[in-house]
Amino acid sequence: MTRPSAECPRCGYNLDGTVSTWTEQCPIRGRCNECGLEFDWHRVFVLTVHPWLFEYHWRRRPFSRFLQTVLYAFRPRRFWREVRLTDPVHLMPAAVVTGLLALTGAVLLIATLVLPQYLWRLSNGFPVGASFWRDEIVETTLRTPRTFMRLMPGLPVALFAMPVIFALIPITLRQARVRRRHIVRIFFYSLVAPITIACAWCAVNLMLLIIGLDRLADAIDPVYWRGQVGSSVLTTFLFQLLPGMAIVLPCTVWMANWWYLGCRRYLQLEHAGQVTAVLTLILFLLATITELVFT
Ligand SMILES: [Zn+2]
173 MTRPSAECPR CGYNLDGTVS TWTEQCPIRG RCNECGLEFD WHRVFVLTVH
223 PWLFEYHWRR RPFSRFLQTV LYAFRPRRFW REVRLTDPVH LMPAAVVTGL
273 LALTGAVLLI ATLVLPQYLW RLSNGFPVGA SFWRDEIVET TLRTPRTFMR
323 LMPGLPVALF AMPVIFALIP ITLRQARVRR RHIVRIFFYS LVAPITIACA
373 WCAVNLMLLI IGLDRLADAI DPVYWRGQVG SSVLTTFLFQ LLPGMAIVLP
423 CTVWMANWWY LGCRRYLQLE HAGQVTAVLT LILFLLATIT ELVFT
């Protein structure tokens with residue numbers, strides 16, 4: 173039986189040359205000549221299946237492993253202690269986890285915009301509450317879809333820009349020779365917790381509207397506050413700025429922590445702290461500038 177070719181889990185460098193020098197015994201620890209990663213040889217050869225990651229269990233136990241992956245994604249420290257570079261990357265199921273959550277979020281968001289108003293008209297206003305500024309959002313969005321992005325322009329930047337920024341820092345990528353699929357993996361799972369929270373927020377908002385607590389639903393809706401006009405230019409400016417920043421800031425903090433642990437524990441980069449500091453600073457500036465320019 174032929175042995176499968178051995179490659180470095182981080183950069184993909186072929187390790188067969190090293191393996192072929194072994195004649196009678198083999199070392200426990202190894203080091204990649206290309207990127208400097210240190211690893212246990214047994215993890216390179218033995219493909220033990222990861223116990224809970226959806227990527228490996230979507231055929232046999234999709235529901236429980238989906239749920240477990242989502243729960244672990246709320247605990248980044250543990251997530252990146254248990255998911256390792258030596259666990260082969262399967263991007264399709266990873267994309268399914270994030271994609272399904274995003275789809276649920278989109279459906280719930282559309283429901284909060286459309287359903288309460290529909291029920292309100294159907295029931296002559298009792299007991300359903302409805303905020304008709306949401307109708308205006310739907311109408312403007314249908315006329316010019318681009319206007320929808322202006323509601324929370326910094327949010328997509330805070331959520332999606334990190335891998336692009338990572339790729340634009342060529343020193344990091346070249347020094348450690350990290351394979352792209354690892355970056356994409358870190359990116360996909362970074363979205364799981366924020367999107368789940370967004371889904372929960374939409375569900376709560378929808379429920380409040382349906383049971384008639386529309387004032388409370390408005391109060392927790394940043395887009396509602398964004399539409400308010402203050403008594404002076406300054407307060408109006410603050411109404412514009414603060415709701416967006418209340419979303420962008422926690423998102424940036426989450427991403428900073430997620431990518432720091434991803435860089436340190438998973439990719440085992442030497443200067444994980446500095447790398448993440450630079451990434452986070454660029455992300456925060458980009459998201460804030462987008463908020464200021466597009467609202
Ligand atoms: Zn390597």
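Residue numbers (this note's numbering): 173 to 467. Here a beta-carbon is modelled for each residue, glycine too, at the ideal position from N, C-alpha and C.
Counting only the Cα atoms, Tyr-438 lies some 19 Å from Ala-178.
Between ligand 1 and the CB of Cys-183, the shortest heavy atom gap is smaller than 8 Å. Between ligand 1 and the CB of Leu-439, the shortest heavy atom gap is not smaller than 8 Å. Gly-434 is a Cβ neighbour of Pro-248, given a cutoff of 9 Å. Where Gly-189 is concerned, there is no enclosing beta strand (DSSP E), although the alpha helix (DSSP H) around it starts and stops at 188 to 192.
Taking the C-beta atoms as reference points, Asp-386 is found no nearer than 9 Å to Leu-378. The closest CA to that of Thr-270, considering only Pro-288, Thr-258, Leu-280 and Val-242, is found on Val-242.
In the DSSP assignment, Arg-322 falls outside any alpha helix (DSSP H), carrying neither H nor E.
The criterion of a C-beta distance shorter than 9 Å is satisfied by Pro-415 and Trp-397.
Nearest to Phe-211 by alpha-carbon distance, out of Glu-463, Cys-180 and Leu-451, is Cys-180. Within a 10 Å sphere around the beta-carbon of Gly-277 sit 16 or more other beta-carbons, which makes this residue buried. Here Ala-333 is not near Leu-453, since their CB atoms are 9 Å or more apart. The beta carbon of Asn-429 is closer than 7 Å to those of Pro-248 in its chain, skipping five residues each way along the sequence.
Remark: C-beta atoms of Phe-226 and Phe-238 approach each other more closely than 9 Å. Residue environment analysis places Gln-197 among the exposed positions, since fewer than 16 neighbouring C-beta atoms fall within 10 angstroms of its C-beta. DSSP, read as helix, strand or coil, puts Arg-247 in coil.
Counting only the Cα atoms, Gln-289 lies some 42 Å from Ile-355. Annotation: the continuous alpha helix (DSSP H) that includes Arg-387 extends over 386 to 391. In this model, Ser-303 and Leu-457 are separated by some 33 Å (Cα to Cα). In this chain, the beta strand (DSSP E) harbouring Asp-212 covers 210 to 212. When C-alpha distances from Ala-283 are compared across Ala-418, Ala-389, Ala-375 and Val-395, the shortest belongs to Ala-375. The shortest CA-to-CA distance from Val-261 to any of Pro-328, Val-221 and Ala-372 is the one to Val-221.
The C-alpha of Leu-209 lies about 36 Å from the C-alpha of Thr-460. When Leu-257, Pro-265 and Phe-246 are compared, the shortest CA-CA separation from Arg-233 is found for Pro-265.
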